[in-house]
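The structure appears right after this line, and notes come after that.
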Amino acid sequence: VYIINHAFKPMDELFAFPPTFFVRRPTLDNFTNLIKVSRNSGIPLSRYIFNSFVITLVTIGLSLVFTTLAAFSLSKLKYRGRNMLMQINQIAIMFVATAVSIPRYLIIAKLGLVDSYLAHILPLLSVPVALFLVKQFVDQVPQVLIEAAYIDGAGPWRTFFHIFVPLSKPLIATITLFTIVGHWNEFFQGLV
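Take this note's numbering: the last position of the sequence shown gets the number 194, and nothing is skipped along the way.
Here is the structure:
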């Protein structure tokens with residue numbers, strides 16, 4: 003809300019003392035000036051905005067698919083090694099993005115993905131906090147509901163799409179917001 007208010011403030015309100023939280027005289031001058039300056043300086047602002055939205059949307063979509071499928075698998079399917087995978091995820095939660103930025107770059111460079119969309123998308127597909135939260139939610143879904151779906155002839159995929167996904171729409175919306183904010187901040191942190 004604060005940033006949106008600042009975007010519509012005229013220059014005299016932006017630098018007013020004492021500062022105000024809400025805009026008093028909203029204006030679009032800041033946006034028109036930004037477009038003029040970007041045109042005159044040769045900066046392709048529209049391309050930068052397009053890139054940001056494409057990378058964010060693709061990353062969010064793919065990370066949600068991977069996160070929900072992995073959480074469902076870790077919680078409701080029985081196989082060897084799933085506890086170890088969950089422990090690895092919990093260890094990954096402890097690392098901040100800054101701590102792994104150099105190894106992440108080295109891997110991207112070795113794969114030859116520098117200067118591509120995949121260089122931004124692939125490292126951000128894994129969201130350990132989201133996986134932990136979704137798994138905790140899936141653990142709360144009664145096993146009887148899953149077994150009833152299996153008795154009715156549903157396999158793991160149908161159970162996931164027809165039982166789990168409809169039950170977890172609020173959770174998916176929450177994870178989407180967390181992931182958008184995290185990826186957007188991660189993207190701009192790399193620019194600084």
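Idealized CB from N, CA, C, for every residue including glycine.
Neighbourhood of residue i by C-beta distance below 8 Å, restricted to the same chain and skipping five residues each side
i, result
"N85", "none"
"V60", "Y119 and I123"
Coil, strand or helix - residue i by DSSP
i, result
"P172", "helix"
"G83", "coil"
"V140", "helix"
"K112", "helix"
"G155", "coil"
"L124", "helix"
"A18", "coil"
"S118", "coil"
"P105", "helix"
"V196", "Since the first residue shown for the chain is 3 and the last is 194, residue 196 is missing from the structure and cannot be characterised."
"V167", "helix"
"V98", "coil"
Residue i versus residue j - alpha carbon distance
i, j, result
"F139", "L66", "14 Å"
"E15", "I37", "21 Å"
"R160", "F74", "12 Å"
"F162", "S128", "20 Å"
"A111", "I104", "10 Å"
"I51", "P28", "23 Å"
Alpha helix (DSSP H) segment containing residue i, residue limits
i, result
"T161", "P158 to T161"
"H8", "Y4 to A9"
Contacting residues, own chain, Cβ-Cβ under 7 Å from residue i (five flanking each side not counted)
i, result
"T58", "I182, H185 and W186"
Beta-carbon proximity list for residue i, same chain, < 6 Å, skipping 5 on both sides
i, result
"K78", "I148"
(request) Please go through the region 22-96 and give each complete beta strand (DSSP E) segment of 3 or more residues, from N-terminal end onward. (result) none
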